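Residue numbers (this note's numbering), protein chains in the order written: chain A, 2 to 310; chain B, 5 to 152. Beta carbons: idealized from backbone N, C-alpha and C, even for Gly. Values in this document were obtained by computation on a predicted structure and should not be read as measured data. Notes for the one structure printed next.
Below, the structure written as structure tokens:
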């Protein structure tokens with residue numbers, strides 16, 4: 002990895018992901034509108050939201066912890082840009098990875114959720130504090146199955162934690178292929194919670210918690226959280242497709258399937274969000290621990306069987 | 005028009021405040037959110053917290069109990085934030101004008117704490133959803149003109 006490559010990937014990680022993420026945010030809202038039989042917002046809508054928020058006043062509540070309140074959005078945004086840069090780099094040239102970058106991306110993608118917890122807890126609002134505690138519980142519940150399916154992918158491609166190797170190694174047997182498909186489905190449900198979308202939006206429940214963790218945020222800090230969430234909307238499906246299908250640049254047919262899988266993932270997330278009610282936080286934890294974790298374990302076992310053959 | 009005002013007119017997030025309405029205007033506001041009227045076409049979203057609001061949809065002439073609360077919600081909103089008086093009561097206290105518990109129409113109560121507040125009026129008992137949408141758009145354009 003040369004210095005110009007890293008700088009280029011960082012720029013692409015910010016500008017490219019922001020462009021793709023804001024467009025996907027519009028796709029999300031447009032599909033929602035279509036499901037509800039209405040017209041929906043114009044394509045520049047997320048950009049207008051962002052411009053508006055950047056031009057508004059920043060209010061710091063009297064009882065807020067100023068440092069934590071203001072650094073949390075920056076932390077979330079920078080971690081998202083970093084993970085996006087790594088994923089762009091792997092997808093454009095799989096040879097450019099470092100050892101263990103899967104683990105790096107996994108932990109970088111935990112930081113936005115933790116930053117939301119920090120921001121909510123430091124805003125000095127009881128509703129935001131409840132939201133922060135719920136977000137923490139959600140992190141505890143979805144990280145386990147997500148980590149397990151990523152481990153299954155690592156086992157299936159020869160026990161390496163290098164994202165470049167995982168993204169280029171063809172899964173050897175039918176068992177590992179089933180494990181990959183299971184992993185993709187479990188991963189989709191986990192990123193639903195990671196994105197904080199219905200049915201797993203307990204941390205920001207509009208009707209009960211007044212926006213929960215975002216309750217006290219206004220103006221540019223809220224714009225940063227908005228941009229972070231838009232970028233995560235692109236980064237998380239991209240991670241799943243990269244891990245369970247492969248890197249983008251491996252032939253034209255492979256790239257077409259990559260794009261189709263990516264769009265399917267985005268639309269499925271939106272459809273799930275539109276056809277489900279918000280579940281209670283304990284139900285969400287039970288769903289992830291007792292529902293998805295066994296499925297993820299099955300994926301790990303299948304990957305072990307498949308790679309031992 | 006600069007980009008801030010462009011954003012403000014294209015993405016007004018609204019927060020619903022009831023200061024003693026009979027619930028009729030509130031039902032009409034909820035109608036605006038239904039697929040038939042679809043105010044998301046204009047980028048309007050109902051936000052859960054006044055901190056994120058660009059327009060306060062106020063219904064009802066202000067009662068004694070509601071007055072400090074309306075003023076507090078207006079203080080909490082991040083500026084620039086316009087106030088939309090929805091319905092005859094919010095505009096002029098309507099049929100409740102002579103009642104002992106009314107402390108004034110919305111504009112008077114809001115101007116007590118911010119003399120330069122941008123206030124738009126949508127009269128009617130209740131106003132139609134079309135009138136509310138038209139009033140919101142006109143109010144925002146007037147606000148953009150006033151702020152530029």
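Pick out whichever of the options has its Cα sitting closest to the Cα of residue i.
i             : options                       : result
residue 72/A  : 120/A, 16/A, 95/A and 43/A    : 120/A
residue 127/A : 261/A, 17/A, 205/A and 143/A  : 205/A
residue 111/A : 140/A, 170/A, 135/A and 123/A : 140/A
residue 3/B   : 61/B, 85/B and 98/B           : Outside the displayed range of chain B (5 to 152) lies residue 3/B, so it cannot be described from this structure.
residue 45/B  : 71/B, 143/B and 36/B          : 36/B
residue 24/A  : 7/A, 49/A and 5/A             : 49/A
residue 71/B  : 114/B, 132/B and 119/B        : 114/B
residue 87/B  : 48/B, 124/B, 117/B and 69/B   : 124/B
residue 143/B : 73/B, 130/B, 27/B and 61/B    : 61/B
residue 18/A  : 52/A, 233/A, 67/A and 164/A   : 233/A
residue 308/A : 161/A, 212/A, 87/A and 280/A  : 161/A
residue 285/A : 146/A, 39/A, 272/A and 10/A   : 146/A
residue 216/A : 51/B, 108/B and 130/B         : 51/B
For residue i, which residues from the same chain have a beta carbon less than 7 Å from its beta carbon, with the 5 sequence-adjacent residues on both sides left out?
i             : result
residue 9/B   : 148, 151 and 152
residue 185/A : 241 and 245
residue 190/A : 293
Excluding sequence positions up to five away, which residues of its chain have a Cβ less than 6 Å from the Cβ of residue i?
i             : result
residue 1/B   : Because chain B here runs from 5 to 152, residue 1/B falls outside it and cannot be looked at.
residue 77/A  : 113, 116 and 229
residue 126/B : 90, 135, 136 and 139
So, using beta-carbon positions, are residue i and residue j closer together than 8 Å?
i             : j             : result
residue 167/A : residue 244/A : yes
residue 15/B  : residue 46/A  : yes
residue 92/A  : residue 249/A : yes
residue 21/A  : residue 224/A : no
residue 20/B  : residue 67/B  : no
residue 42/B  : residue 17/B  : no
residue 199/A : residue 274/A : yes
residue 296/A : residue 183/A : yes
residue 317/A : residue 149/A : In this structure chain A extends from 2 to 310, so residue 317/A is not present and cannot be described.
residue 83/A  : residue 109/A : yes
residue 52/A  : residue 11/B  : yes
residue 220/A : residue 82/B  : yes
residue 164/A : residue 253/A : no
At a cut-off of 7 Å, is residue i close to the ligand HEM when judged by its beta-carbon and the heavy atoms of the ligand?
i             : result
residue 119/A : With respect to small molecules bound, the structure shown includes none, and the ligand HEM cannot be examined in it.
Can you pull the DSSP bridge partners for residue i?
i             : result
residue 36/A  : For residue 36/A, which the question treats as bridged, DSSP gives no partner whatsoever.
residue 78/B  : In the DSSP output, where bridge partners are listed per residue, residue 78/B has none listed.
residue 161/A : Answer is none; residue 161/A lacks a bridge partner.
residue 86/B  : 59/B
residue 105/B : According to DSSP, which records beta bridges pairwise, residue 105/B is partnered with nothing at all.
residue 123/B : 87/B
residue 260/A : None; residue 260/A has no bridge partner.
residue 49/B  : 17/B
Please report the straight-line C-alpha distance between residue i and residue j, rounded to a whole angstrom.
i             : j             : result
residue 187/A : residue 41/A  : 30 Å
residue 141/B : residue 13/B  : 8 Å
residue 77/B  : residue 54/B  : 7 Å
residue 267/A : residue 29/A  : 8 Å
residue 156/A : residue 289/A : 22 Å
residue 218/A : residue 98/A  : 37 Å
residue 222/A : residue 259/A : 34 Å
residue 98/B  : residue 110/B : 12 Å
residue 208/A : residue 55/A  : 25 Å
residue 90/A  : residue 264/A : 20 Å
residue 280/A : residue 310/A : 41 Å
residue 135/A : residue 282/A : 7 Å
residue 26/A  : residue 238/A : 13 Å
Can you list the residues of chain E that residue i reaches, using a CB-CB cut of under 8 Å?
i            : result
residue 58/B : In the structure shown, chain E cannot be found, because the protein chains are A and B.
I'd like the list of long-range same chain contacts for residue i, defined as Cβ closer than 8 Å, with 5 residues on each side in sequence excluded.
i             : result
residue 101/B : 65
residue 137/A : 118
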